[in-house]
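Asker: Dropping a structure here in structure tokens format, bear with me for questions.
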Amino acid sequence: MRVLMLTLLLHAGPPPSGTAPVSANREGAVIAAEPVAPETRARLLRREVAQVALAQLKAPDAAWQPAQRDCAGLIRYAYRTAYRRVASERLASPLWRDTRGNPSDFADAETLLTRSFVPLGRGADVLAALRTGDVLAFRQEHDAGPVFHLMLVVRPEDRAHAPARVVYHPGEAGAPVRTGILDSLATDAPLEWRPVPGNTAFLGFFRFKEWMS
């Protein structure tokens with residue numbers, strides 16, 4: 036499978052805290068923090084997904100097992116780590132679904148798309164609505180069968196000063212995580228990797244089902 040070569044992004048902002056602060060009153064008794072509002076939790080989760088994904092550009096975390104380092108593995112790892120930091124109670128059950136729709140800790144690229152993510156469309160109109168954690172999906176035909184490839188969207192909250200990026204693992208064992216500007220893919224990437232309607236290998240943009248609201 037041809038590898039899409041893009042410029043590496045080698046820095047990321049400091050990780051925000053994923054938990055609400057805990058304070059004490061004058062007598063020293065601990066005061067429980069207020070529950071995190073759903074919209075705040077969603078924002079923190081997306082921020083953590085970005086932080087985790089971008090951190091892999093410098094060096095993969097030791098917790099990300101080498102056998103799991105491929106395009107789908109990057110998404111699984113970034114999501115699971117984000118939930119562990121922000122909403123660990125969600126991990127009481129697996130995040131993903133297997134081919135039968137049952138909860139599962141593992142799902143390959145095709146199964147992630149069909150069971151855990153929702154298609155947003157393939158057109159340019161979807162680009163403006165993409166958010167961190169969304170996915171670009173491709174299907175390449177090979178003699179041994181189809182190969183699915185996923186790229187994770189990282190979109191800064193301050194859109195006016197930083198472009199949306201894709202972060203992805205090319206799939207080969209030992210290969211580094213890569214990144215590139217999302218808008219540049221449509222013009223600078225090899226034809227089979229361009230996220231445009233005219234590319235039959237491009238399956239579209241997808242969003243995690245639990246983040247659809």
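Those letters in the sequence shown? Residues 36 to 248, by the numbering used here.
Every residue gets a Cβ at the ideal spot worked out from N, C-alpha and C, and that includes glycine.
Predicted model, so just to flag it, every value in this text is computed and none were measured.
1) Would you check if the distance between the CB atom of Arg-213 and the CB atom of Ala-199 is smaller than 7 Å?
2) Tell me whether Trp-99 sits in a helix, a strand or coil according to DSSP, three-state version.
3) Could you compute how far the alpha carbon of Ala-94 sits from the alpha carbon of Leu-155?
4) Hey, could you find the ends of the beta strand (DSSP E) Leu-155 is sitting in?
5) I need the straight-line Cα distance from Gly-233 to Gln-103, nearest angstrom please.
6) Provide the residue span of the alpha helix (DSSP H) that contains Gln-175, from first to last.
7) Could you pull out every residue in the same chain whose Cβ sits closer than 7 Å to the Cβ of Gly-63, ignoring the five residues on either side in sequence?
8) Measuring alpha carbon to alpha carbon, tell me which of Asn-137, Thr-116, Thr-167 and Cys-106 ends up nearest Asp-143.
9) My assumption, with CB atoms under 8 Å, is that Ala-117 sits in contact with Trp-246. Please give the rounded CB distance.
10) On a Cα-Cα basis, can you pick out the residue from Gly-136, Val-182, Phe-241 and Val-231 that is closest to Ala-164?
11) With respect to the beta strand (DSSP E) encompassing Leu-185, which residues constitute its N-terminal and C-terminal limits?
12) Pull up the distance between the alpha-carbon of Phe-183 and that of Arg-174, whole angstroms please.
13) Quick one: is Val-201 buried, meaning 16 or more other Cβ sit within 10 Å of its Cβ, or exposed?
14) Going by C-alpha to C-alpha distance, which of Val-87, Ala-85, Ala-172 and Ala-197 sits closest to Pro-205?
15) Can you tell me which of the three DSSP states Gly-108 falls into?
16) Measure from the alpha carbon of Arg-157 to the alpha carbon of each residue in Ser-151, Phe-243, Leu-147 and Pro-230, then state which is nearest.
17) If you draw a straight line from the C-alpha of Leu-89 to the C-alpha of Gly-180, how long is it?
18) Need the endpoints of the alpha helix (DSSP H) that Arg-78 sits in, please.
19) Quick check on the burial criterion: 16 or more other C-beta atoms within 10 angstroms. Buried or exposed for Glu-124?
20) Quick test of your reading: Gly-168 and Val-153, contact by CB under 8 Å. State the CB separation rounded to the nearest angstrom.
21) Give a yes or no on whether the C-beta atoms belonging to Ser-151 and Pro-138 are separated by under 7 Å.
Answerer: The answer reads as follows:
1) Walking along the sequence shown from the start, residue 213 turns up at place 178. Walking along the sequence shown from the start, residue 199 turns up at place 164. Arg-213 is not a Cβ neighbour of Ala-199, given a cutoff of 7 Å.
2) Here residue 99 refers to the residue found at position 64 of the sequence shown. If DSSP states are grouped into helix, strand and coil, Trp-99 belongs with coil.
3) Sequence index remark: in the sequence shown, residue 94 carries index 59 (1-based). Sequence index remark: in the sequence shown, residue 155 carries index 120 (1-based). Spanning the two alpha carbons is a distance of roughly 31 Å.
4) By one-based count along the sequence shown, residue 155 stands at place 120. Leu-155 -> beta strand (DSSP E) spans 152–156.
5) If you number the sequence shown from 1, residue 233 lands on position 198. If you number the sequence shown from 1, residue 103 lands on position 68. When rounded, the distance between both Cα atoms is 32 Å.
6) Numbered from 1 along the sequence shown, position 140 holds the residue referred to as residue 175. Run containing Gln-175: none in the alpha helix (DSSP H); it sits in the beta strand (DSSP E), 170–177.
7) As a first step, residue 63 is located in the sequence shown; it is residue number 28 there, counting from the start. Reliability of the predicted coordinates at Gly-63 is poor, the pLDDT of 46 falling under 50, and no value is obtained from them.
8) Taking the sequence shown and counting its residues from 1, one reaches residue 143 at position 108. Measuring from the Cα of Asp-143, the nearest candidate turns out to be Cys-106.
9) Within the sequence shown, the letter at position 82 stands for residue 117. Within the sequence shown, the letter at position 211 stands for residue 246. Rounded, the Cβ-Cβ distance is 11 Å, inconsistent with contact.
10) Here the question's residue 164 lines up with position 129 in the sequence shown. Checked all of Gly-136, Val-182, Phe-241 and Val-231; the closest Cα to Ala-164 is Phe-241.
11) Your numbering for residue 185 matches position 150 in the sequence shown. From DSSP, the beta strand (DSSP E) with Leu-185 extends over 180–189.
12) Residue numbering aside, residue 183 sits at position 148 when the sequence shown is read from its first letter. Residue numbering aside, residue 174 sits at position 139 when the sequence shown is read from its first letter. Using only the alpha carbons, I get a separation of about 4 Å.
13) Taking the first residue of the sequence shown as position 1, residue 201 is located at position 166. Buried, by the Cβ-count rule.
14) Here the question's residue 205 lines up with position 170 in the sequence shown. Among Val-87, Ala-85, Ala-172 and Ala-197, the Cα nearest to that of Pro-205 is on Ala-172.
15) By 1-based counting over the sequence shown, the position of residue 108 is 73. Gly-108 falls in the helix class under three-state DSSP.
16) Counting from one through the sequence shown, the residue named residue 157 turns up at place 122. If we check each option's Cα against that of Arg-157, Pro-230 comes out closest.
17) Looking up residue 89 in the sequence shown gives position 54. Looking up residue 180 in the sequence shown gives position 145. Within the model, the alpha-carbon separation for Leu-89 versus Gly-180 is close to 31 Å.
18) Locating residue 78 in the sequence shown gives position 43, counting from the first residue. 73–90 is the span of the alpha helix (DSSP H), which, as asked, contains Arg-78.
19) Translated into positions along the sequence shown, residue 124 becomes position 89. The residue in question, Glu-124, is exposed, as its Cβ has fewer than 16 Cβ neighbours within 10 Å.
20) Taking the first residue of the sequence shown as position 1, residue 168 is located at position 133. Taking the first residue of the sequence shown as position 1, residue 153 is located at position 118. About 12 Å separates the CB atoms of Gly-168 and Val-153; that is not less than 8 Å, and the two are not in contact.
21) One-based indexing of the sequence shown puts residue 151 at position 116. One-based indexing of the sequence shown puts residue 138 at position 103. Result no, Cβ atoms of Ser-151 and Pro-138 do not sit closer than 7 Å.
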